[in-house]
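These notes are about the structure you will find just below.
This is the structure:
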């Protein structure tokens, strides 16, 4: 691995003593992204879509340029199919809430057993309000998606099939095109939580056939507080605005208002302009490195970590441990509580996450209270993994005394 990638991330430069293995929670931010965010405040500090003065016009053009960049990144023809949000959670809530007026007690929503709370709780709320039923696609014993289970639960009553592209706990890559096609075969919509996938996986709508893909900037080397819904204008126009206010109306009176068409109907108020410009810089960074390079590197690091863990006694890995697992390795240590391990590793400079990872129902499904999770980015190296494993072995030895 060319360690020069680390040099592009100021956190790595300023904190060489930290081994950062928590990219599934948030990736580190590249210098180019930080520069883009800073440039907004120093050179383009004005609101968008609200002024005729030069600076406002310029920053509006830059902001809308990022919308086009996202459309190209996800291979959609119309940039009006791109809505900026505050993150994946916001985007999934926006979509789910709109179905409160569409679904009935005769309808079913299909999810997987591996959902992050962000793609579970909004649909639970919709189901309670509409009387719709939630069904779950099971996992195989190897922690992959059970396709036979998917075919069994997706039927003529199904209106929504929502699932992660990559599980934030298992690292499992789910078959987006297959599930989307199954959804469409019964007239259902395919909603994809792409939070863990946008930086390293193919997100082409034309190839994957999703109706909506939702992801966050901060998990693809960009700033926090920005997310995206990628869809078609017709799908977005069907959705009821989640927030209302300035910038999202066609017209308004003292008695009523008419929302504009997408995407602005879903972007009420002043957005995180600096963050959106940072997202554009993050996409540039990913394109410059190339998705293929990022994917191959993270896949290699994932395999390497799995092999190292497999060699340690008393370790159990929750993952397929093959090419369908990427970016995330979750594990337990026999006789060791995950929080105890996290405390000792932190004291040795290893930054990772332990607990239920906003997937508490999945922990119950796995019959554990929590897991330890190493997760990787383009800046992760084999040396990082080696250092982490020296600390891991030392910590396990201490906890077993």
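In the working numbering, the protein residues as written are 78 to 478. Where is the CB? At the ideal position from N, CA and C, for every residue including glycine. Please read these numbers as outputs of a predicted model, since none were measured by experiment.
Query	Result
Cα-Cα, which of 418, 159, 225, 106 is closest to residue 392?	418
Which residue's Cα is closest to the Cα of residue 217: 438, 397, 143?	397
If we call anything under 9 Å between Cβ atoms a contact, is residue 327 one with residue 152?	no
Which residues share a DSSP beta bridge with residue 452?	99, 405
Since I believe residue 432 is in contact with residue 447 (beta carbons under 8 Å), could you give me their beta-carbon distance rounded to a whole number of angstroms?	5 Å
Rounded to the nearest angstrom, what separates residue 280 and residue 332 at their Cα positions?	42 Å
Return the chain-ordered ranges of every alpha helix (DSSP H) run that is complete within the region 148-222 and spans a minimum of 4 residues.	165-175, 198-207
Check whether the Cβ atoms of residue 359 and residue 300 lie closer than 9 Å to each other.	yes
Which residue or residues does DSSP assign as beta-bridge partners of residue 328?	335
What's the call for residue 128, buried or exposed, on a 16-neighbour Cβ count within 10 Å?	exposed
Please classify residue 239: does DSSP put it in a helix, a strand, or coil?	strand
By the three-class DSSP mapping on this structure, what secondary structure does residue 247 have?	coil
Do you know how far the Cα of residue 463 is from the Cα of residue 474?	17 Å
Grouping DSSP H, G and I as helix and E and B as strand, with all else coil, what is residue 79?	In this prediction, residue 79 has a pLDDT of 49, which is less than 50 and means its spatial position is unreliable; what the coordinates show is noted afterwards. Correct three-state label for residue 79: coil.
Measuring only the C-alpha atoms, how far is residue 404 from residue 248?	6 Å
Using the C-alpha atoms, what's the distance from residue 277 back to residue 79?	Low local confidence applies: a pLDDT of 49 at residue 79 is under 50, so the model's placement there is unreliable, with the coordinate-based value given in what follows. Straight-line Cα distance between these residues: approximately 17 Å.
Report all residues from its chain with a CB closer than 8 Å to the CB of residue 345; omit the five preceding and five following residues, and keep chain order.	318, 320, 321, 322, 323, 324, 325
If residue 295 and residue 241 are in contact, beta carbons under 8 Å, what's the gap, nearest whole angstrom?	The Cβ separation is near 17 Å, so there is no contact.
Could you check where the alpha helix (DSSP H) with residue 431 kicks off and where it finishes?	It is not in any alpha helix (DSSP H) - residue 431 instead sits in the beta strand (DSSP E) that spans 430-432.
Check residue 298 in the structure and name its three-state DSSP category.	coil
In the DSSP assignment, find the unbroken beta strand (DSSP E) run with residue 395 in it and report its ends.	392-395
Just mark residue 83 as buried or exposed, buried being the case when its beta carbon has 16 or more other beta carbons within 10 Å.	buried
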